[in-house]
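K.L.:
Below: one structure in structure tokens.
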Amino acid sequence: MEAFPRSPGTANILIKAFVSSGQFLLPLIISLLVWAELWFGWSFMIAAGIMFINALFLYRCTFPPHPGRRLPVIKKTTSSTEHRCSIIDLASYTLYGYISMATFYLVSQWLAQYGQFVAGMSYTMSIKLLSIYTVGSLLCVFITAPLIRNTVRPTTLLMLYTFFSFIALFTVCLHPTFYVVIIFAFVIGFTSAGGVVQIGLTLMAERFPYAKGKATGIYYSAGSIATFTIPLITAHLSQRSIADIMWFDTAIAAIGFLLALFIGLRSRKKNAASLAKGKCRSGWVMQYSFQVMQDLTDK
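Numbering (our numbering), first residue to last: 54 to 352.
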């Protein structure tokens, strides 16, 4: 985000593109190593080499100056209302970080088993659901990046993607048939794993522009808690039925949609208030200038 201050949302979503590319290529690399009867550690060596090349590139890369405060910071008292609003926004974005990570983590871990044991697919076909899911996430990245850069607000995409993710999961739970699961595996990958987590992070960083590092840490810490706690819950649910796991994911997606609505409405309300404040200030300046000119004319 700091390297691309004019388009932080696009840059953040492109990170998801490379993550999805790695998820898509890793099984192919493992299959190639198995076919050639090579050491599995080469997969780690390849990843380490890519990270080393990336580190060299970042070391030589020039970053734009930080557009922060250059004047001495003047302490001012913050009202209790502003403090309460900041706490509400922090809590909502943190919860969304947990929910968004939990939604697609559940699907990525249990979609194949759901297709095999609930939808009645063969093992080989159920494994291909993950590839369909990954293709959907990659396509979403390449569609979302230009949209968020040029035309559509991030909050609008956040609400749309979480809504369609909930609808897709709800449909899969109601009609766990062969073709329904295949079609909506793509839709779920598109809406829940195509950059919606990164959009939430971008909005949180914009809400707290002078604490982007803390915002990123808190947001991804919530996601890490999700990857730790969700398997504990699904392990208990899997003893009853795998279908219950997908219903649980549907409930999480519904909560995520409500949170996205809350974030979007608060963001638009804040933008409207800022715009009204700017218009009021410009109107006061024009009125003051007109009064000065009138006084000079009278003199």
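Just so you know, even glycine gets a beta-carbon here, dropped at the ideal spot from N, CA and C.
Can you tell me the Cα-Cα spacing of Leu-67 and Thr-255, whole angstroms?
P.N.:
Between Leu-67 and Thr-255, the C-alpha separation is close to 12 Å.
K.L.:
Between the Cα of Gly-270 and the Cα atoms of Phe-223, Phe-216, Ala-258, which residue gives the shortest distance?
P.N.:
The option with the nearest alpha carbon to Gly-270 is Ala-258.
K.L.:
Here's a check: name, in chain order, each residue in its chain whose Cβ is nearer than 7 Å to the Cβ of Trp-95, leaving out the five neighbours to either side.
P.N.:
Taken in chain order, the residues that qualify are Leu-86.
K.L.:
Express the C-alpha separation of Thr-197 and Ser-139 in angstroms, rounding to a whole number.
P.N.:
Cα to Cα, Ser-139 sits roughly 28 Å from Thr-197.
K.L.:
Determine the direct distance from the alpha carbon of Ala-246 to that of Ser-179, and round the result to whole angstroms.
P.N.:
Each residue's Cα considered, the two are about 19 Å apart.
K.L.:
From Phe-71 to Ser-190, what distance separates their C-alpha atoms?
P.N.:
Cα to Cα, the separation comes out at about 11 Å.
K.L.:
How do the region 192 to 206 and the region 233 to 247 stand: do at least 3 beta-carbon pairs fall below 8 Å, yes or no?
P.N.:
At 8 Å Cβ cutoff, the stretches touch.
K.L.:
From which residue to which residue does the alpha helix (DSSP H) around Ser-175 run?
P.N.:
Element bounds for Ser-175: n/a, residue is neither H nor E.
K.L.:
Using a Cβ-Cβ cut-off of 8 Å (strictly less than) and excluding sequence neighbours within five positions of Tyr-341, which residues of its own chain qualify?
P.N.:
Caution applies to Tyr-341, whose pLDDT of 38 falls short of 50 and renders its modelled position unreliable; the value that the coordinates give is listed next. So no residue of the chain qualifies.
K.L.:
Using a 10 Å radius around the Cβ and a threshold of 16 neighbouring Cβ atoms, would you call Val-126 buried or exposed?
P.N.:
With a pLDDT of only 49 at Val-126, under the threshold of 50, the placement of this residue in the model should not be trusted, and no figure is reported.
K.L.:
May I ask which residues mark the beginning and end of the alpha helix (DSSP H) holding Trp-95?
P.N.:
Where Trp-95 is concerned, the enclosing alpha helix (DSSP H) stretches over 94 to 113.
K.L.:
What are the complete alpha helix (DSSP H) segments, minimum 4 residues, inside the region 278 to 328?
P.N.:
Counting only runs of 4 or more, we get nothing.
K.L.:
In terms of alpha-carbon separation, which member of Leu-143, Ile-103, Glu-90 lies closest to Phe-261?
P.N.:
If we check each option's Cα against that of Phe-261, Leu-143 comes out closest.
K.L.:
Would you kindly work out how many angstroms separate the C-alpha atoms of Tyr-273 and Asn-203, rounded to a whole number?
P.N.:
The straight-line gap from Cα to Cα measures roughly 27 Å.
K.L.:
My output table needs one value for Val-205: the three-state DSSP class, helix, strand or coil.
P.N.:
Note: Val-205 maps to coil in three-state DSSP.
K.L.:
Over what stretch of residues does the alpha helix (DSSP H) that includes Gly-242 continue unbroken?
P.N.:
Gly-242 -> alpha helix (DSSP H) spans 231 to 245.
K.L.:
Below 6 Å CB to CB, which residues in the same chain sit around Ile-316 once its five sequence neighbours on both sides are set aside?
P.N.:
The answer, listed in chain order, is Ser-145.
K.L.:
Return the first residue and the last residue of the alpha helix (DSSP H) that Ala-258 is part of.
P.N.:
Segment 249 to 260, the alpha helix (DSSP H) holding Ala-258.
K.L.:
Do Tyr-158 and Ala-279 have their C-beta atoms closer together than 8 Å?
P.N.:
For Tyr-158 and Ala-279, yes; Cβs fall inside 8 Å.
K.L.:
So, for Leu-290: in the same chain, excluding its five sequence neighbours on each side, which residues have a beta-carbon less than 8 Å away from its beta-carbon?
P.N.:
These residues qualify, in order along the chain: Asp-297, Ile-298, Phe-301.
K.L.:
If distances are taken between C-alpha atoms only, which option among Ser-175, Gly-266, Ser-277, Ser-218 comes closest to Ala-307?
P.N.:
If we check each option's Cα against that of Ala-307, Ser-218 comes out closest.
K.L.:
Rounded to a whole number of angstroms, what is the C-alpha to C-alpha distance between Phe-93 and Tyr-263?
P.N.:
Those two C-alpha atoms are separated by around 44 Å.
K.L.:
Please classify Leu-91 as buried or exposed, where buried requires at least 16 other C-beta atoms within 10 Å of its C-beta.
P.N.:
Leu-91 comes out exposed.
K.L.:
Among Thr-115, Ile-82, Gln-292, Val-234, whose alpha-carbon lies nearest the alpha-carbon of Phe-97?
P.N.:
Closest option to Phe-97, Cα to Cα, is Ile-82.
K.L.:
If you draw a straight line from the alpha carbon of Leu-183 to that of Gly-253, how long is it in whole angstroms?
P.N.:
Distance between the alpha carbons of Leu-183 and Gly-253: 24 Å.
K.L.:
DSSP state of Pro-148, grouped into three classes?
P.N.:
In the sequence as presented, Pro is not what sits at residue 148; that position holds Leu. It is helical.
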